[in-house]
Amino acid sequence: MDALTLLQQRNSASKLCEPAPDAAEMAEVFAAAARAPDHARLRPWRFRLVEGEARRRLGELYAEAALRRQPSLGEAELDKYRRQPLRAPMLIVVSAVVQQHPKVPKIEQLLSAGCAAYASLLAIEALGYAGIWRTGDHAFDRHVMSGLGMLDNEEIVGFLYVGSRDGAAKPLPEVAASDFVETWMGL
Numbered sequence: 000m001d002a003l004t005l006l007q008q009r010n011s012a013s014k015l016c017e018p019a020p021d022a023a024e025m026a027e028v029f030a031a032a033a034r035a036p037d038h039a040r041l042r043p044w045r046f047r048l049v050e051g052e053a054r055r056r057l058g059e060l061y062a063e064a065a066l067r068r069q070p071s072l073g074e075a076e077l078d079k080y081r082r083q084p085l086r087a088p089m090l091i092v093v094s095a096v097v098q099q100h101p102k103v104p105k106i107e108q109l110l111s112a113g114c115a116a117y118a119s120l121l122a123i124e125a126l127g128y129a130g131i132w133r134t135g136d137h138a139f140d141r142h143v144m145s146g147l148g149m150l151d152n153e154e155i156v157g158f159l160y161v162g163s164r165d166g167a168a169k170p171l172p173e174v175a176a177s178d179f180v181e182t183w184m185g186l
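Using numbering that gives the first Met the number 0, read the sequence shown as starting at 0 and increasing by one per residue.
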């Protein structure tokens, strides 16, 4: 698949199954992520792989965090949180370690980590796998971040759920560039 086709046809996969990329393929994914735009070469992105039994432990962390946010949650709701990481054979928790820098504000560092996450999704798709980028309350929860071993200056950018597409890709509507592009002619 050529680069433009990949960029124009990449599609999130909400249903994922085995197999996920192996270690050699993930090395290729991370090499692609490392080419994200990065002002001052801060390399603010971090990736944490969650596979196998660690997915269940992440589900427990999700349930703990949800219970802290909403103490009245019942067991059925907590089980829903526990099952979330089991929706894919691999998760990649992408975060940004935000550093003080005179020329690179926080937003640039977060966007850089976001670009690294997206480059990862593109590489995963190019290798014949699929993924979906999720956030939700867990992505902004310090209890989840602490449970993942994150620093105080580190923030989750997203959870990439990765595996093989389970079923056909959902059809994507055509989007006209005129819907989001305009030419500025000056003041």
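Glycine included, each C-beta is placed from N, C-alpha and C at the ideal position.
This structure is a prediction, so every number in the text was calculated from the model and none was measured.
Contact check, residue i vs residue j, beta carbons under 8 Å
i: VAL96; j: ASN152; result: yes
i: PHE158; j: VAL92; result: yes
i: GLY35; j: ALA115; result: Strictly speaking, residue 35 in this sequence is Ala, with Gly absent from that position. Closer than 8 Å, so yes.
i: LEU186; j: GLU24; result: no
i: ALA12; j: GLY113; result: no
i: TYR160; j: ARG86; result: yes
i: GLY58; j: PRO84; result: yes
i: SER94; j: GLU154; result: yes
CA-to-CA distance, residue j to residue i, given in whole angstroms
i: LEU3; j: GLU63; result: 42 Å
i: LEU150; j: LEU60; result: 17 Å
i: GLY162; j: ALA26; result: 15 Å
i: ALA33; j: ARG40; result: 10 Å
i: VAL49; j: ARG133; result: 14 Å
i: MET184; j: GLN7; result: 28 Å
i: MET0; j: PRO20; result: 18 Å
i: PHE139; j: ASP37; result: 23 Å
i: GLU74; j: ALA31; result: 41 Å
i: VAL227; j: ARG56; result: Because the chain here runs from 0 to 186, residue 227 falls outside it and cannot be looked at.
i: LEU5; j: GLN98; result: 33 Å
i: SER145; j: PRO172; result: 39 Å
i: PRO219; j: TYR128; result: Outside the displayed range of the chain (0 to 186) lies residue 219, so it cannot be described from this structure.
i: LYS79; j: GLU124; result: 28 Å
i: GLU137; j: ARG164; result: The displayed chain sequence assigns His, not Glu, to residue 137. One C-alpha to the other measures close to 24 Å.
i: THR182; j: VAL143; result: 43 Å
i: VAL156; j: ALA22; result: 22 Å
First through last residue of the beta strand (DSSP E) which encompasses residue i
i: LEU159; result: 153-164
i: PHE218; result: Outside the modelled stretch of the chain, which goes from 0 to 186, sits residue 218, for which no answer is possible.
i: ARG40; result: Segment: none, ARG40 is in no beta strand (DSSP E) and carries neither H nor E.
i: GLY73; result: Careful: GLY73 lies outside any beta strand (DSSP E) and carries neither H nor E.
i: ALA2; result: No beta strand (DSSP E) contains ALA2, which is instead part of the alpha helix (DSSP H) from 2-8.
i: GLY130; result: 129-133
8 Å contact criterion, which residue i and residue j should meet: CB distance rounded
i: LEU15; j: PRO88; result: 7 Å
i: LEU90; j: LEU77; result: That pair is no contact at about 19 Å.
Heavy atom of the ligand HEM within 7 Å of residue i beta-carbon
i: PRO88; result: No copy of the ligand HEM occurs in the structure displayed, which carries no ligand at all.
Span of the alpha helix (DSSP H) around residue i
i: ALA122; result: 105-125
i: VAL143; result: 141-146
i: ARG86; result: First-last for ARG86: undefined, no H or E at that position.
i: ALA175; result: It is not in any alpha helix (DSSP H) - ALA175 carries neither H nor E in the DSSP assignment.
Next item on the list: Assess, as a yes-or-no matter, whether the stretch 113-127 is touched by the stretch 67-77 under the definition of 3 or more beta carbon pairs within less than 8 Å.
Entry: No, the stretch 67-77 is not in contact with the stretch 113-127.
Item checked: Three or more C-beta pairs below 8 Å linking the stretch 99-106 and the stretch 168-177 -> The stretch 99-106, when compared against the stretch 168-177, does not touch it at the 8 Å Cβ threshold.
Note to self: When you compare the stretch 108-117 with the stretch 32-45, are there three or more beta-carbon pairs, one atom per stretch, that lie closer than 8 Å?
What the structure shows: Yes, since at least three Cβ pairs between the stretch 108-117 and the stretch 32-45 fall closer than 8 Å, the two stretches touch.
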